[in-house]
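There are 2 protein chains.
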Amino acid sequence: MEKLLLTPLKQIKNPKGDIFHAIKKSDSGFSGFGEAYFTTVNRGDIKGWKRHTKMVLNLVVILGEVEFVIYNGDEFLSVKLSPKKNYQRLTIKPNLWVAFRGLGEINIVLNLASIEHDPNEADNLELSEISYEW
Amino acid sequence: MEKLLLTPLKQIKNPKGDIFHAIKKSDSGFSGFGEAYFTTVNRGDIKGWKRHTKMVLNLVVILGEVEFVIYNGDEFLSVKLSPKKNYQRLTIKPNLWVAFRGLGEINIVLNLASIEHDPNEADNLELSEISYEW
């Protein structure tokens, strides 16, 4: 799907506690820094649908496992991210619908966003308004 | 202590999973974006001492509890951060010695760093080389 990028991330082992890369200024997919925040999603709960019109999202699942579903108005793409099984960064450019579901016991997602939060640049739909077989 | 800043962070409650602020471009303490990465530290383990000569650290503990000790060559400052008991961002400007210990079961720290990782801009000492009563 266009406007989407999946980038494998390094984990650096350390006996006192590992290091997990997230994003560097020089990485492809980096589109400027506006804000970093965490979103959590309970196991079985689904957040969405949301569509940003300006913000580029860079999403990293640092704990648990999260299934992201992206809809471009034509087709769906689903990807499951987790530090243990599939540690990648998901870059989502504007104008895609996104929803995500918690699969692990505790699920924590970092969004490194290209602009600061602005409720006026995002559209929301109820989950039922875009039909997807979760 | 100069060169240190503690900034309370918002947690936005949500029945499907809370949102945790970390840092915005317009926040005091923000000194440019170079890289974001996670470091973990096992319960009871201590990482340090490390002193950056250029990087400004912006540290957020998103899981567990971590005790940070900062040494300016003259005095020590200790602060315990956690999402449950003390959710604040710790900004550390260059030229301070830093060590940190894991207190929770799983401890995850986000560092939003002002420059990309560069081993040449950091000094390291063994824990025993700066005497502190942990």
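Order-wise, the sequence lines are chains A and B.
Using numbering that gives the first Met the number 0, the first residue of the first sequence is number 0, and each one after it goes up by one.
Using numbering that gives the first Met the number 0, the first residue of the second sequence is number 0, and each one after it goes up by one.
Beta carbons: idealized from backbone N, C-alpha and C, even for Gly.
Residues I11 of the same chain have their beta carbon placed closer than 6 Å to that of I18 (chain B), with the five preceding and five following residues left out of the count. Against chain A, the beta carbon of F67 (chain B) has no neighbour under 8 Å; the closest one sits roughly 14 Å away. Contact note: Y36 (chain B) reaches chain A through I18, F19, H20 and A21, using a C-beta cutoff of 7 Å and chain order.
Following the DSSP letters along the chain, one finds L89 (chain A) inside the beta strand (DSSP E) bounded by residues Q87 to I91. Under a criterion of Cβ atoms nearer than 7 Å, no residue of chain A is adjacent to F75 (chain B); the nearest Cβ is some 20 Å distant. Shown here, E125 (chain B) sits in coil according to DSSP, grouped into three states, outside any helix or strand. Annotation for P82 (chain B): no beta strand (DSSP E) segment contains it, and DSSP assigns it neither H nor E. Linking I129 (chain B) to V108 (chain B) through their CA atoms gives a straight-line distance of about 23 Å. Annotated as distal: L4 (chain B) and A21 (chain B), with beta-carbon spacing of 8 Å or more. About 2 Å separates the CB atoms of A98 (chain B) and G47 (chain B); that is less than 8 Å, so the two are in contact. Using a Cβ-Cβ cut-off of 7 Å, V40 (chain A) is close to K15 and G16 of chain B, given in chain order. With a threshold of 8 Å between beta carbons, D44 (chain A) makes contact with chain B.
Under the criterion of beta carbons closer than 8 Å, T90 (chain B) and V55 (chain B) qualify as touching, at roughly 7 Å. Under DSSP, no beta-bridge partner is assigned to A21 (chain B).
Nearest to V78 (chain A) by C-alpha distance, out of A:L124, A:T38 and A:W133, is A:W133. Counting C-beta pairs with one atom in each stretch, the segment 109 to 119 of chain A and the segment 24 to 39 of chain A have three or more that are closer than 8 Å, which means they touch.
Nearest to D117 (chain B) by alpha-carbon distance, out of B:N41, B:K84, B:K53 and B:I105, is B:K53.
I91 (chain B) does not reach chain A, its nearest Cβ partner there being about 17 Å away, counting only Cβ pairs nearer than 9 Å. Burial state of L126 (chain A) is exposed, judged by a 10 Å Cβ sphere holding fewer than 16 other Cβ atoms. For P7 (chain B), the secondary structure class from DSSP, reduced to helix, strand or coil, is strand.
Counted as a single uninterrupted DSSP element, the stretch harbouring G43 (chain A) is not any beta strand (DSSP E), since DSSP gives it neither H nor E. Approximately 22 Å separates the beta-carbon atoms of G63 (chain A) and G28 (chain A); this is outside 8 Å, ruling out the contact. For E120 (chain A), the secondary structure class from DSSP, reduced to helix, strand or coil, is helix. In this structure, the straight-line span from the alpha carbon of N71 (chain A) to that of L95 (chain A) is close to 5 Å. Close CB contacts of N123 (chain A) within its chain, under the 6 Å cut and outside five residues either way in sequence, are with K49 (chain order). At a cut-off of 8 Å between beta-carbon atoms, G28 (chain A) makes no contact with chain B.
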